[in-house]
Ligand SMILES: Nc1nc2c(ncn2[C@@H]2O[C@H](COP(=O)(O)OP(=O)(O)OP(=O)(O)O)[C@@H](O)[C@H]2O)c(=O)[nH]1
Ligand SMILES: [Mg+2]
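Numbering (my numbering), first residue to last: 73 to 405.
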């Protein structure tokens, strides 16, 4: 019997539901479904399933039999569950493989629609969906892929894996307060005193439909101790690998200098825009954007400005098909 093949249809990231597609001979599929389902589902049917390994229960989930040779398993979307599911599938003789798109998405009417469905499962950002939902029609209208399409596809990669955005600037200007406002929950400690954030604080958040890995960096202190200086060195290494640096300051605090070698796009943001002197402060001149986290003012505008630094309106609004390729949507590590 040819072994079953399987692939993830959802990214290896936390999510509500994870989706595994299985494809192979119907007898092999029956055997695997019998190992986890109470009653093997017939074509078009579903069954509750229970996954367990030598450590105990992995999870409860749902199985769907799309065709005699294709089924989907849906456990919850925890990363640890996914890791144990991989081992469970291997222990039941299934082989991880790149499956053809039509095997993973038998409900799709065309190969282009199936490729777009696969890509949608791979993308971290909601903005990708607008480009993928009518991929079929776009492909028909666009004709052959051009060099400009490939260059755009390269830029659209920020929609696939979350890019890194850091916030840096003088101490005590409100970087952590802004971080918490954008995350809509308290992830970073804030305080009236300078030097509150001692280590980089990462949080995954969404800015105008683009998912990013945001990092709140320790503030730049005027008279750093040896420990502060080493924290600043770590922070500048992180900033050097970011896609966008949000360079933040507050009225009267001046704009900090940045190492000119950083390849990141730099967005200058004036924080504490609710301060009485904010309207006339010198820092306003150099600012690309201004906001007040305390008064929830200007946050949407800031999110749009950062999103535009990551991916332009022109690239998102371009009616041509997104020329993604198989390498941009790997289902299998
Ligand atoms: N008026 C006003 N105050 C703010 C605003 N955001 C932050 N603050 C105040 O600024 C102070 C510093 O806030 P933090 O968010 O801890 O500043 P930080 O830049 O992260 O500071 P470090 O971690 O030390 O670098 C606190 O007293 C905040 O209440 C704002 O939008 N308006
Ligand atoms: Mg802070």
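Think of the CB as a built atom: it goes at the ideal place given N, C-alpha and C, for glycine as much as any other residue.
With a threshold of 16 other CB atoms inside 10 Å of the CB of residue i, please say whether the residue is buried or exposed.
{"i": "residue 121", "result": "buried"}
{"i": "residue 344", "result": "buried"}
{"i": "residue 242", "result": "buried"}
{"i": "residue 235", "result": "buried"}
{"i": "residue 219", "result": "exposed"}
{"i": "residue 357", "result": "exposed"}
{"i": "residue 323", "result": "buried"}
{"i": "residue 191", "result": "buried"}
{"i": "residue 380", "result": "buried"}
{"i": "residue 295", "result": "exposed"}
{"i": "residue 113", "result": "buried"}
{"i": "residue 278", "result": "buried"}
{"i": "residue 108", "result": "buried"}
{"i": "residue 162", "result": "exposed"}
{"i": "residue 321", "result": "buried"}
{"i": "residue 175", "result": "buried"}
{"i": "residue 280", "result": "buried"}
{"i": "residue 265", "result": "exposed"}
{"i": "residue 367", "result": "exposed"}
{"i": "residue 370", "result": "buried"}
{"i": "residue 127", "result": "exposed"}
Return the CA-CA distance between residue i and residue j, expressed in angstroms with no decimal places.
{"i": "residue 360", "j": "residue 214", "result": "35 Å"}
{"i": "residue 171", "j": "residue 177", "result": "10 Å"}
{"i": "residue 216", "j": "residue 203", "result": "17 Å"}
{"i": "residue 403", "j": "residue 194", "result": "Confidence is the limiting factor: at residue 403 the pLDDT is only 34, short of 50, which leaves the residue's position unreliable and the question unanswerable from this model."}
{"i": "residue 147", "j": "residue 105", "result": "14 Å"}
{"i": "residue 188", "j": "residue 229", "result": "14 Å"}
{"i": "residue 110", "j": "residue 102", "result": "12 Å"}
{"i": "residue 273", "j": "residue 159", "result": "32 Å"}
{"i": "residue 348", "j": "residue 198", "result": "37 Å"}
{"i": "residue 165", "j": "residue 98", "result": "14 Å"}
{"i": "residue 351", "j": "residue 256", "result": "26 Å"}
{"i": "residue 260", "j": "residue 144", "result": "39 Å"}
{"i": "residue 88", "j": "residue 149", "result": "5 Å"}
{"i": "residue 200", "j": "residue 283", "result": "10 Å"}
{"i": "residue 297", "j": "residue 306", "result": "14 Å"}
{"i": "residue 224", "j": "residue 232", "result": "13 Å"}
{"i": "residue 315", "j": "residue 240", "result": "13 Å"}
{"i": "residue 118", "j": "residue 179", "result": "15 Å"}
{"i": "residue 142", "j": "residue 340", "result": "52 Å"}
{"i": "residue 271", "j": "residue 168", "result": "39 Å"}
{"i": "residue 301", "j": "residue 153", "result": "40 Å"}
{"i": "residue 269", "j": "residue 319", "result": "16 Å"}
{"i": "residue 115", "j": "residue 123", "result": "21 Å"}
{"i": "residue 82", "j": "residue 226", "result": "22 Å"}
{"i": "residue 374", "j": "residue 285", "result": "16 Å"}
Could you round the C-beta distance between residue i and residue j to whole angstroms and report it? I think they count as a contact, below 8 Å.
{"i": "residue 94", "j": "residue 78", "result": "5 Å"}
{"i": "residue 334", "j": "residue 312", "result": "5 Å"}
{"i": "residue 354", "j": "residue 211", "result": "Not really, about 52 Å apart at Cβ, beyond 8 Å."}
{"i": "residue 173", "j": "residue 186", "result": "4 Å"}
{"i": "residue 208", "j": "residue 184", "result": "5 Å"}
{"i": "residue 338", "j": "residue 310", "result": "The pair is not a contact, with the Cβ atoms about 15 Å apart (cut-off 8 Å)."}
{"i": "residue 156", "j": "residue 130", "result": "5 Å"}
Any contact of the segment 286–297 with the segment 385–399, i.e. 3+ C-beta pairs under 8 Å?
-> no
Is the segment 245–257 touching the segment 338–358, taking contact as three or more C-beta pairs under 8 Å?
-> yes
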